[in-house]
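**Q** Residue numbers (the numbering used here): 299 to 371.
Quick one: the structure is below, questions incoming.
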Ligand SMILES: [Zn+2]
């Protein structure tokens, strides 16, 4: 079984991937929906970035470059 350790890029807490997938896309009405603009993950530059909570996702969304390592080009 491949179980990569993922951490929140904002606060460095470990992320429960199953939980993140389960809660991703919770709408205002509590329904589940797969939507890259909702939930505890974010589709950023071709990759899913996971967060431990929505507050961290919001912070990341404001300034992604601040939380991601610089890319080698
Ligand atoms: Zn976090």
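Backbone N, C-alpha and C define an ideal beta-carbon position, used for all residues, glycine too.
#1: Might you give, ordered along the chain, the residues of its own chain that have their beta carbon closer than 7 Å to the beta carbon of residue 307, omitting 5 neighbours on each side?
#2: Under 7 Å from any heavy atom of ligand 1, does the C-beta of residue 349 make it?
#3: Expressed to the nearest angstrom, what Euclidean distance is found between the alpha-carbon atoms of residue 340 and residue 351?
#4: Output needed for residue 304: all residues of its chain with C-beta closer than 8 Å, excluding positions within five of it in sequence on either side, in chain order.
#5: For residue 352, name the three-state secondary structure that DSSP assigns.
**A** Short version:
#1: 347, 358, 365 and 366
#2: yes
#3: 11 Å
#4: 312, 313, 315 and 348
#5: helix
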